[in-house]
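S.K.:
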Amino acid sequence: MKSDVTYDLLIIGGGISACVFVSKYLKNNITKKVGLIEIGRGLGGRSSTRISKKYEGWKLNHGSPNFNISNSKNNLLLKRYIDELLDNKYIKIDDSEIIFLNEDSNLETKNKSEFSCGVNYLSLDSMSELSKKIIESNNLKKEIDFFFETLIVDMKFNEKGWLLTSKNGDKFKTKYLICSTNLLLHKRSLKILNVNQIPLRKAIPINSDKKIDLLLNYLGEQTFIPRLTFLIYTNKNYSYKDNYSKKQRYFYLKNNLEKKYRFERIIFQLQDNNKLGIVVHSKNAELINSYISPKDEEVFKQNIIKNFNKLFEENSLVNKLTFDEKISIMKWRASQPSGIAVPLSLQFSKKSKIGFCGDWFEGNGFGRIEGSILSALILEKKIKDLIK
Ligand SMILES: Cc1cc2nc3c(=O)[nH]c(=O)nc-3n(C[C@H](O)[C@H](O)[C@H](O)COP(=O)(O)OP(=O)(O)OC[C@H]3O[C@@H](n4cnc5c(N)ncnc54)[C@H](O)[C@@H]3O)c2cc1C
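Residue numbers (my numbering): 36 to 423.
#1: Since Pro234 is in the alpha helix (DSSP H), which residue starts that stretch and which ends it?
#2: Measuring alpha carbon to alpha carbon, tell me which of Asn229, Lys222 and Lys341 ends up nearest Arg236.
#3: Under the criterion of a Cβ to heavy atom distance below 7 Å, does Gly92 qualify as lining ligand 1?
#4: What are the start and end residues of the beta strand (DSSP E) that includes Cys214?
#5: By Cβ distance below 7 Å, which residues in the same chain neighbour Ile375 in space, the five residues on each side in sequence not counted?
#6: Would you decide whether Phe183 is buried or exposed? Buried here means 16 or more other CB atoms lie within 10 Å of its CB.
#7: For the beta strand (DSSP E) containing Arg85, name the first residue and the last one.
#8: Can you list, in chain order, the stretches of the alpha helix (DSSP H) that have 4 or more residues and sit fully within the region 111 to 154?
#9: Taking DSSP's pairing of strands, which residues face Asn96 in a bridge?
#10: What number of angstroms, rounded off, separates the C-alpha of Ser99 from the C-alpha of Lys282?
#11: In the DSSP assignment, what residue or residues form a beta bridge with Val377?
#12: Can you look up Ser224 in the DSSP assignment and give me helix, strand or coil?
#13: Does the beta-carbon distance from Leu413 to Gln371 come in below 8 Å?
#14: One question on the structure: do Tyr90 and Tyr268 come within less than 8 Å of each other, judged by their Cβ atoms?
#15: Tell me which residue opens and which closes the beta strand (DSSP E) that Ile389 is part of.
#16: By DSSP's criteria, Phe56 is part of a beta bridge. Which residues make up the other side?
#17: By the DSSP assignment, the alpha helix (DSSP H) with Ile65 in it spans what residues?
#18: Are there three or more Cβ pairs, one per stretch, closer than 8 Å when the region 150 to 167 is compared with the region 118 to 133?
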C-alpha cells in the first residue's frame with residue numbers, strides 16, 4: 036500500500052479540469068483527506084509547459100497555448116469562475132495578434148477558429164503554472180497528497196470504495212473516486228496500459244450500474260485527434276521583422292494552406308530572456324504517421340524548417356530560420372476528443388461512488404479548456420453535498 040490512508044476522495048489526473056475541481060472541492064470540504072495521482076511530472080496535462088532540461092531557460096507551452104471562452108454570458112457558473120481567475124491575476128485577456136494565413140499567404144485578422152472564438156485568455160505565467168496556482172489558491176493548508184509519475188492501470192470497487200493499482204504495484208484506497216481523464220474508461224487503454232479489459236468495465240461489471248453502462252457506451256463512440264507539436268528553440272538573435280512585443284502571436288493556416296504545408300497553427304512565444312520560441316502544431320495524418328521514431332528525427336526536423344521558411348518566404352512579419360535551430364517533438368496520441376460527447380447527466384454515479392470531469396463532456400467547450408473547466412465546476416456542485 037502506498038500509504039495506509041483511506042482517502043475520502045482520490046482524483047486521477049492533474050490536468051486543468053482536475054485542478055479546478057479539487058480546488059473548488061477543498062474550499063467547501065476543508066476537513067476531507069484528498070489525494071491526486073498523475074502520470075506526468077507536474078500539473079497541467081494537455082495544457083502544460085515544457086521546461087527544457089537540455090535547452091536551459093526555455094519554457095514553451097506545448098499543448099494549449101492559451102484558452103478561449105466561446106460564450107459565458109448565459110453561464111453564470113463559468114462567468115464567475117473566469118472572473119475569479121482574472122481577479123486573482125492568474126489570467127488576463129489575451130489581446131495578442133491572431134493572424135490567418137490564406138492561400139496567397141496574405142494576412143487576415145478578422146477570422147475566428149475553434150480556438151479563438153469568444154474571449155481569449157492568457158496565463159500570466161506559463162500554462163502549467165496556471166493549473167498549479169488554481170490548486171494552490173485553495174490548498175493553503177497543503178491538504179492534498181500528490182503522487183506524480185504514477186500511472187493507474189487497475190481499478191477495483193466494492194461497497195466500501197475503490198482500490199487502485201499503479202503500474203509499479205502501488206495501491207491506493209479511497210471512498211470516492213474522480214476520473215479527470217477517460218483513458219481508464221476507453222478502449223485505447225487496452226493498448227496504452229497493456230491491459231486486457233477496460234479498467235472501469237472490469238471494476239463495474241455490465242448491468243450493475245446503468246449510468247456506468249451508458250457512459251461506457253458513449254465513450255465507445257468517442258474518437259481522438261492526434262497531433263504533433265514541434266518546439267523550436269531559435270537562435271540568440273532571432274526576432275520578428277516588426278516591433279511586436281506581446282507575449283504570444285498566433286498564425287493560423289486556412290484549409291488549403293494547412294493541406295499544403297501540413298501545419299495547423301504556429302505560435303510565437305516570447306521568453307523571459309527575450310528569446311523567441313516557436314511552437315508549430317500539426318494534425319496532418321500523413322505527417323503524424325511519417326513520424327515513427329526519434330531515429331529519423333534529424334531529416335524530419337530539417338523538413339519542418341524547410342516548410343516553415345517556404346510558408347513565411349514573403350511574409351512581412353516573420354523571419355526565416357537558419358536550419359541550425361534545436362527542435363523537440365511532442366506526439367499527442369489523443370490531443371482532443373472528437374465525435375460523440377458524453378452527456379453531463381452521466382458525470383456522477385452515487386451507486387458506484389465515482390465522478391468524471393474533463394473536455395470530453397457535452398457543451399460549447401467540448402474538446403477545449405472551456406469544457407474542462409465547466410465540467411469540473413458542475414461536478415463539484417453535484418457532489419458537494421453527497422460525499423459525507
Ligand atoms: C497540442 C494541443 C493544442 C491544444 N490547443 C487548445 C487551444 O488552443 N485551446 C483550448 O481550449 N484547448 C486546446 N487543447 C485542448 C486542451 O489542452 C484540453 O481540452 C485540456 O487541457 C484538457 O484538460 P483536462 O484536465 O480535461 O484533461 P488532461 O489535461 O488530459 O488531464 C488528464 C490528466 O490525466 C493524466 N492521466 C491520464 N491517465 C492516467 C492514469 N491512468 N494514471 C495517472 N494519470 C493519468 C494525464 O497525464 C493528464 O495529465 C489543445 C490540446 C493539445 C494537445
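Glycine included, C-beta positions come from ideal geometry on N, C-alpha and C.
In this text, all values refer to a predicted model and were calculated from it rather than measured experimentally.
M.R.: Per the coordinate set shown:
#1: DSSP places Pro234 inside the alpha helix (DSSP H), whose first and last residues are Pro234 to Ala238.
#2: Relative to the Cα of Arg236, the nearest Cα in the group Asn229, Lys222 and Lys341 belongs to Lys222.
#3: Checking every heavy atom of ligand 1 against the Cβ of Gly92, none is found closer than 7 Å.
#4: First-last of the beta strand (DSSP E) with Cys214: Lys206 to Cys214.
#5: Once the five neighbours on either side are set aside, the close Cβ partners of Ile375 are Tyr253, Glu256 and Gln257.
#6: With fewer than 16 Cβ atoms within 10 Å of its Cβ, Phe183 is classed as exposed.
#7: Going by DSSP, Arg85 is part of the beta strand (DSSP E) stretching over Thr84 to Ile86.
#8: Correct list: 111 to 122.
#9: In DSSP, Asn96 forms a bridge with Thr84.
#10: Distance between the alpha carbons of Ser99 and Lys282: 15 Å.
#11: Paired residues: Phe396.
#12: Look at Ser224 here: in three-state DSSP terms it is helix.
#13: The identity of residue 413 in the sequence shown is Ile, whereas the question assumes Leu. Contact check for Ile413 against Gln371 fails: the beta carbons are separated by 8 Å or more.
#14: For Tyr90 and Tyr268, yes; Cβs fall inside 8 Å.
#15: Unbroken beta strand (DSSP E) run through Ile389: Ile389 to Phe391.
#16: DSSP lists no partner for Phe56.
#17: Careful: Ile65 lies outside any alpha helix (DSSP H) and carries neither H nor E.
#18: Touching, yes.
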